[in-house]
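Quick mapping for you: the protein sequence lines, in order, are chains X and P.
Convert by adding 19 to the 1-based position in the first sequence; the result is the number in this note's numbering.
Convert by adding 19 to the 1-based position in the second sequence; the result is the number in this note's numbering.
Each remark here refers to the structure printed beneath this line.
Number of protein chains: 2
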Amino acid sequence: MKGEKKLSKIKISELESLIFTLFEKAGLNKGHCQQITDVFMRTTYRGVGHHDIYSLPGRITNLQKDKINNSPDMKKLAGFNSMEVYDGDNGPGEINCYFITERSQKLADQNGISLVSIKNSNHFLAAAPYVELSAERDYLSLIFSSAGISMGVGESPKVIGNGPFGYAVQGQNHNVLFDICMAYSSYGKLHAKAEAGEKVPSYWGKDSEGNSTEDPAEILEGGIPLAMGAHKGFGLSMMVEFITSILADGDIALEKNKKNTGIYTHSIITLKPEGVNDSYVNNVDKLIDDMKTIYPDLHIPGDSSYGSKKEIEKKGYFEIEKSLLDRLLELKEDL
Amino acid sequence: MKGEKKLSKIKISELESLIFTLFEKAGLNKGHCQQITDVFMRTTYRGVGHHDIYSLPGRITNLQKDKINNSPDMKKLAGFNSMEVYDGDNGPGEINCYFITERSQKLADQNGISLVSIKNSNHFLAAAPYVELSAERDYLSLIFSSAGISMGVGESPKVIGNGPFGYAVQGQNHNVLFDICMAYSSYGKLHAKAEAGEKVPSYWGKDSEGNSTEDPAEILEGGIPLAMGAHKGFGLSMMVEFITSILADGDIALEKNKKNTGIYTHSIITLKPEGVNDSYVNNVDKLIDDMKTIYPDLHIPGDSSYGSKKEIEKKGYFEIEKSLLDRLLELKEDL
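Following this line, the structure appears as structure tokens:
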């Protein structure tokens with residue numbers, strides 16, 4: 020989708036080092052730099068072209084302008100055995116989500132299942148990196164993030180966040196990586212479609228007059244992205260709010276409109292399947308093998324991501340827009 | 020949707036007593052009769068016209084024919100503190116789900132969050148009654164059920180269950196009751212639409228030739244109901260399988276086609292929000308009040324169900340198809 024733009028190659032290790040350096044210069048400590056670099060690398064390997072390295076200049080700028088706290092001190096606000104709530108101290112969503120992911124793994128080791136929530140946080144970039152981290156360590160995590168009011172349902176204007184959500188599992192032979200919002204399309208995908216001059220199905224959203232449109236640009240320019248499956252996607256996005264901002268007492272609905280930063284609440288539910296079933300990993304493969312027996316061409320969530328990663332690792336470099344790479348190098352000098 | 024059919028009135032207490040008697044005559048013990056009657060009453064109050072009292076003759080027949088075990092003895096297969104797995108002994112899904120719901124509440128009392136799974140079970144009727152039971156007791160439950168291979172995605176034939184799922188929450192002033200499958204439409208709703216001669220959006224499913232159709236009857240007759248939002252609903256239905264049959268080592272994918280009964284696995288995740296946040300109930304109201312401030316006509320999941328219940332309680336009776344009531348009374352005599 021970025022095909023028309025001039026691309027630059029950058030070696031894997033160089034991109035990793037560039038991301039690390041940028042965050043280090045923006046004031047994050049080394050441990051946090053490692054975590055947030057891991058998050059940006061994982062998302063960029065997916066090859067999506069949004070919610071990845073393309074969001075990096077914005078993050079650095081927000082840290083520079085003190086919109087996001089570069090030295091967050093997460094504080095535990097409440098805990099009840101396997102359920103805990105933290106304050107994210109207006110830190111980067113990536114650092115806060117890395118923290119709750121690892122914390123939830125520890126609690127799942129003790130209790131089989133856990134939920135850890137963090138409020139007063141910022142955008143987490145994507146669901147994928149955190150749940151992938153859990154899957155690699157043999158956990159099954161579901162991550163939920165509240166979001167600004169950004170999605171409508173039926174005839175409504177925007178009434179709720181679009182419910183960012185994801186999970187991942189790993190078998191011996193198959194991986195699943197699932198990262199969605201509850202609208203038919205994320206803003207990132209709408210932008211990509213608009214840029215590529217592609218149409219979208221008329222039920223994906225409405226224009227600023229409230230009419231159905233196939234033009235993603237019209238949805239973006241004062242229009243309304245719609246919940247997938249109408250009341251279904253709407254109810255799922257409400258669930259995301261219940262499990263995040265409602266549960267953790269974060270910023271709810273209209274409160275989010277009054278602030279620029281720190282409006283996000285994230286929650287992660289982590290299971291330790293081996294605690295109850297030795298065959299879990301084999302069963303993961305079995306489900307996917309069976310579905311592929313029925314329909315060999317079946318696309319499994321994560322196929323594109325892992326295909327992209329494999330290709331990048333084989334080539335040894337990423338290809339990103341030249342303008343983005345220039346901007347990142349410029350930021351490195353500026354900081 | 021049942022408007023053209025002749026309707027019979029039956030007093031609330033009489034329907035309750037009729038359901039109880041039918042299950043008692045079918046051999047269930049008194050405790051199980053109370054639970055399954057509660058499940059059928061709760062779903063029938065919703066006024067949906069499917070996945071409720073209309074499924075009762077089928078349940079009774081399956082018990083009569085010993086397809087479903089009327090005296091199930093649930094056995095704990097595995098447990099790891101707040102996560103437990105049971106064998107449902109081919110009992111009614113309603114009894115098994117009532118059991119895991121109450122068990123998960125106990126574990127949530129101890130640990131804040133819990134997951135209880137039961138395999139070798141049967142259809143649970145609907146997600147709503149169990150999560151409503153939890154919400155009334157101030158828990159937040161999410162219930163998941165595996166299902167027979169019944170849904171396709173994109174160009175595929177049916178490859179996976181349609182991922183029955185639900186949750187409920189109660190505020191002081193607002194209730195939310197969410198009960199869906201991950202296809203655009205459940206089979207029950209497709210039947211109701213077909214019976215009413217209504218069309219459905221062309222993206223809801225395909226006919227037996229694999230072509231898009233607006234005729235729900237064509238989707239039902241050898242056609243394919245499609246996952247909502249394509250890969251999104253598909254990935255969500257996979258999640259339901261991971262949390263149920265994969266986790267609990269129940270019947271997976273093609274195994275389900277080899278058996279008639281006991282193919283279902285159910286799981287419930289239960290949270291005790293008050294364990295970490297005293298404002299939870301107020302926050303529930305706040306989210307809904309805020310959304311209604313933005314758009315007063317907003318329909319909240321559960322509005323129809325609770326509207327129907329209020330109306331039935333005010334009238335003091337249910338109205339169901341005469342043919343159904345006749346059939347139930349006939350079954351009562353037969354047993």
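Don't be surprised by glycine CBs; every beta carbon is placed ideally from N, CA and C.
Closest option to Leu350/X, judged by alpha-carbon separation, among Asn81/X, Ile114/X, Lys86/X: Asn81/X. Glu338/X: member of the beta strand (DSSP E) spanning 336 to 340, first to last residue. Judged by their CB atoms, Leu144/X and Thr62/X are nearer to each other than the 7 Å cut-off. The Cβ of Lys305/X sits closer than 7 Å to at least one Cβ of chain P. Of all alpha-carbon atoms in Ala246/P, Val178/P, Glu293/P, the one lying nearest the alpha-carbon of Ala97/X is that of Glu293/P. For the region 42 to 65 of chain P, no residue has a beta-carbon sitting nearer than 9 Å to a beta-carbon of chain X. Glu260/P reaches chain X at Leu306, counting residues in chain order whose Cβ is nearer than 8 Å.
According to the DSSP assignment, Ser133/P belongs to the beta strand (DSSP E) that extends over 132 to 140. In this structure, Asn115/P places its C-beta atom within 7 Å of the C-beta atom of Ile137/P. Among the residues facing chain P, Gly248/X is included, as its CB has a counterpart in that chain under 7 Å away.
Listed in chain order, the non-local C-beta contacts of Asn88/P below 7 Å within the same chain comprise Asp108, Asn109, Gly110, local neighbours out to five positions each way being set aside.
Ile199/X: member of the beta strand (DSSP E) spanning 194 to 199, first to last residue. Minimum Cα-Cα distance from Glu121/P among the listed residues Glu174/P, Ile287/P, Gly224/P, Asn276/P corresponds to Ile287/P. Here Ser153/X is near Thr289/X, since their CB atoms are less than 7 Å apart. Looking at Pro76/P, Ile55/P, Asp85/P, Asn192/P, the one whose alpha-carbon comes closest to that of Asp308/P is Asn192/P.
Restricted to the region 55 to 96 of chain P, the alpha helix (DSSP H) segments that are unbroken, complete and at least 4 residues in length are 75 to 83, listed in chain order. Annotation: Val219/P is outside any beta strand (DSSP E) and is labelled neither H nor E by DSSP.
Rounded to whole angstroms, His51/X and Ile262/X show a C-alpha spacing of 26 Å.
In this model, Glu113/X and Ser36/X are separated by some 17 Å (Cα to Cα). When secondary structure is reduced to three states using DSSP, Pro244/X falls in the strand class.
Using a C-beta cut-off of 8 Å, the region 162 to 176 of chain P makes contact with the region 266 to 277 of chain P, since at least three inter-stretch Cβ pairs fall below that distance. Close partners of Met310/P in chain X (Cβ separation under 7 Å): Val178, Ile179, Ala272. Excluding its 5 nearest sequence neighbours in each direction, Asp71/X has C-beta neighbours in its own chain below 6 Å: Thr62, Thr63, listed in chain order. Judged by pairs of C-beta atoms under 8 Å, the region 225 to 232 of chain P does not touch the region 175 to 189 of chain X, as fewer than three such pairs exist. At the C-beta level, Gly224/P and Leu255/P stay beyond 7 Å of one another.
Nearest Cα to Lys28/X within the set Ser342/X, Tyr336/X, Arg346/X: Tyr336/X. Under DSSP, the beta-bridge partners assigned to Lys28/P are Glu338/P.
A direct Cα-Cα distance of roughly 10 Å separates Gly321/X from Glu151/X. Within the region 160 to 187 of chain X, no run of alpha helix (DSSP H) at least 4 residues long lies entirely inside it. Residue environment: Asp268/X is assigned as buried (16 or more neighbouring CB atoms within 10 Å of its CB, all protein chains considered). Rounded to whole angstroms, Glu260/X and Gly180/X show a C-alpha spacing of 8 Å. Spanning the alpha carbons of Pro148/X and Pro148/P requires a straight line of approximately 35 Å. Legend: CB atoms of the region 129 to 157 of chain P lying less than 9 Å from CB atoms of chain X belong to residues Gln129, Asn130, Gly131, Ile132, Ser133, Leu134, Ser136. By the neighbour-count criterion, in which a residue is buried when 16 or more other Cβ atoms sit within 10 angstroms of its Cβ, Asn279/P is exposed. DSSP, reduced to helix, strand and coil, places Phe99/X within a strand of the structure shown. Residues of chain P with a Cβ closer than 7 Å to the Cβ of Tyr314/X are, in chain order, Ser175, Pro176, Val178.
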